[in-house]
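A.B. asks:
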Amino acid sequence: MGVSIVFVVNIVNLHLTTTDFFIIVFIATLWSIGTAAVPAAGLVTPSAVLMMLFGLPLEIVALIAGVDALIGMRGTTSNVIGDIGTALVNQSERKQIASYSVLRQQLFDLLISAILPDDNHRLGNIALSFNVVRYEVQKLSDVLSSLRL
1336 MGVSIVFVVN
1346 IVNLHLTTTD
1356 FFIIVFIATL
1366 WSIGTAAVPA
1376 AGLVTPSAVL
1386 MMLFGLPLEI
1396 VALIAGVDAL
1406 IGMRGTTSNV
1416 IGDIGTALVN
1426 QSERKQIASY
1436 SVLRQQLFDL
1446 LISAILPDDN
1456 HRLGNIALSF
1466 NVVRYEVQKL
1476 SDVLSSLRL
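Quick note: to get our numbering, add 1335 to the position in the sequence shown (first position is 1).
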């Protein structure tokens, strides 16, 4: 939106002050938050800003329409790449979370079997179970520490 406004202002030979640039950036930021998913918002939003700030007529939309298609393609590409990246990260994280859930359940089962032995368990089996639990906890700790990088 800011690019379109500066483009039109340069075409009609208006000079922007530093304050005008800050106002354009502020308004563009606020309006971009609300119009990200609106099709062809690149035509409506800059024309409204141009009319409010500079008092330019509505015919200025024709100047923006020629440039908006190029800017819109860039924005669409950026949005699609962002969505693909988000989907890939989501898929990867879900796999890791699932593997941690399985490991957590195995640890829980080992702890329960070590703490609450059957009548058939002997003291040696309990010690062996604790060693297995210690090994699994160490393995989980190594995995978690490698994720923190």
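In this text, a Cβ means the ideal position worked out from N, Cα and C, and glycines have one as well.
What you are looking at is a predicted structure, and each value in this text was computed from that prediction instead of being measured.
For the segment 1425-1444 against the segment 1394-1407, do three or more pairs of beta-carbon atoms, one drawn from each stretch, fall closer than 8 Å, so that the two count as touching?
C.D. replies: They do not touch, by the three-pair rule.
A.B. asks: What is the DSSP secondary structure of T1411, counted as helix, strand or coil?
C.D. replies: For the purposes of this step, residue 1411 is taken as residue 76 along the sequence shown, with counting starting at 1. Reduced to three states, the DSSP call for T1411 is helix.
A.B. asks: Take V1396 as the anchor and find which of A1363, I1340 and S1427 has the nearest alpha-carbon.
C.D. replies: Translated into the one-based positions of the sequence shown, residue 1396 becomes position 61. The residue with the shortest Cα to Cα distance from V1396 is I1340.
A.B. asks: According to the neighbour-count rule (16 or more other Cβ atoms, all chains shown, within 10 Å of its Cβ), is L1479 buried or exposed?
C.D. replies: Position 144 of the sequence shown, counted from the start, is the residue given in the question as residue 1479. Exposed: under 16 other Cβ atoms inside 10 Å.
A.B. asks: Could you tell me which of V1373, A1422, A1375 and G1390 sits nearest to L1349, measuring between CA atoms?
C.D. replies: Numbered from 1 along the sequence shown, position 14 holds the residue referred to as residue 1349. The residue with the shortest Cα to Cα distance from L1349 is G1390.
A.B. asks: Along the chain, where does the alpha helix (DSSP H) containing G1369 start, and where does it finish?
C.D. replies: On the sequence shown, residue 1369 is found 34 positions in, with the first residue counted as 1. Start and end: T1353 to G1369.
A.B. asks: In chain order, what residues of the same chain lie with their CB nearer than 8 Å to the CB of I1416, ignoring the 5 residues before and after it?
C.D. replies: Residue 1416 sits at position 81 when you count from the first residue of the sequence shown. If we look at I1416 and ignore the five residues flanking it on each side, it has no Cβ neighbours.
A.B. asks: Quick one: what does DSSP say A1375 is sitting in, helix, strand or coil?
C.D. replies: Taking the sequence shown and counting its residues from 1, one reaches residue 1375 at position 40. Coil.
A.B. asks: Got a sec, what are the start and stop residues for the alpha helix (DSSP H) N1348 sits in?
C.D. replies: The sequence position of residue 1348 within the sequence shown is 13, counting from 1. Counting along the chain, N1348 falls outside any alpha helix (DSSP H), and DSSP gives it neither H nor E.
A.B. asks: Measuring CA to CA, which of L1398, I1358, G1410 and T1354 is closest to V1373?
C.D. replies: Translated into the one-based positions of the sequence shown, residue 1373 becomes position 38. If we check each option's Cα against that of V1373, G1410 comes out closest.
A.B. asks: So, with DSSP's three-state summary, where would you put P1381?
C.D. replies: Stepping through the sequence shown from its first residue, residue 1381 is reached at position 46. Three-state result, P1381: helix.
A.B. asks: If you check the beta carbons only, do V1384 and I1362 fall under 9 Å apart?
C.D. replies: Here the question's residue 1384 lines up with position 49 in the sequence shown. Here the question's residue 1362 lines up with position 27 in the sequence shown. In this structure, I1362 lies closer than 9 Å to V1384 by Cβ.
A.B. asks: Does the beta-carbon distance from I1495 to V1360 come in below 9 Å?
C.D. replies: Coverage of the chain is limited to positions 1336 through 1484, which leaves residue 1495 absent and any answer about it impossible.
A.B. asks: Buried or exposed: where does T1354 fall if 16 or more other Cβ atoms within 10 Å of its Cβ makes it buried?
C.D. replies: As a working note, residue 1354 is residue 19 in the sequence shown. T1354 should be labelled exposed.
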